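By the count of numbering that gives the first Met the number 0, the sequence shown reaches residue 65 at its end, each step adding exactly one. Ideal placement from N, C-alpha and C gives every residue a C-beta, glycine not left out. All figures in this text were calculated on a predicted structure; none of them were measured in a lab. Note sheet for the following structure.
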Amino acid sequence: MNFDRVKGLGDFLEIELISDNGEEAQKEIKQFFKELGINEDKLERRGYGELWQEKYGGGFTIDEQK
Numbered sequence: 000m001n002f003d004r005v006k007g008l009g010d011f012l013e014i015e016l017i018s019d020n021g022e023e024a025q026k027e028i029k030q031f032f033k034e035l036g037i038n039e040d041k042l043e044r045r046g047y048g049e050l051w052q053e054k055y056g057g058g059f060t061i062d063e064q065k
């Protein structure tokens with residue numbers, strides 16, 4: 000589980016479940032989000048690069064903070 004804050008896109012909770020049964024794993028993840036009070040319509044399957052492209056166009060770059 001990761002909590003990510005992506006500048007320009009927002010905050011994200013990422014869940015990964017390793018399983019031999021992908022369908023069952025998706026059900027478990029959906030149930031977990033439901034228990035947290037997060038509706039299924041809030042689930043995002045696209046990656047940050049794709050979201051960035053849709054919102055801003057152009058390439059997705061990562062600024063290194065020093």
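Query	Result
8 Å Cβ cutoff met for V5 and Y47	yes
C-alpha distance - L50 paired with R44, whole-angstrom precision	10 Å
Three-state secondary structure assigned by DSSP to G48	helix
Endpoints, alpha helix (DSSP H) assigned at E23	21–34
Assigned secondary structure, E53 (DSSP; H/G/I helix, E/B strand, else coil)	helix
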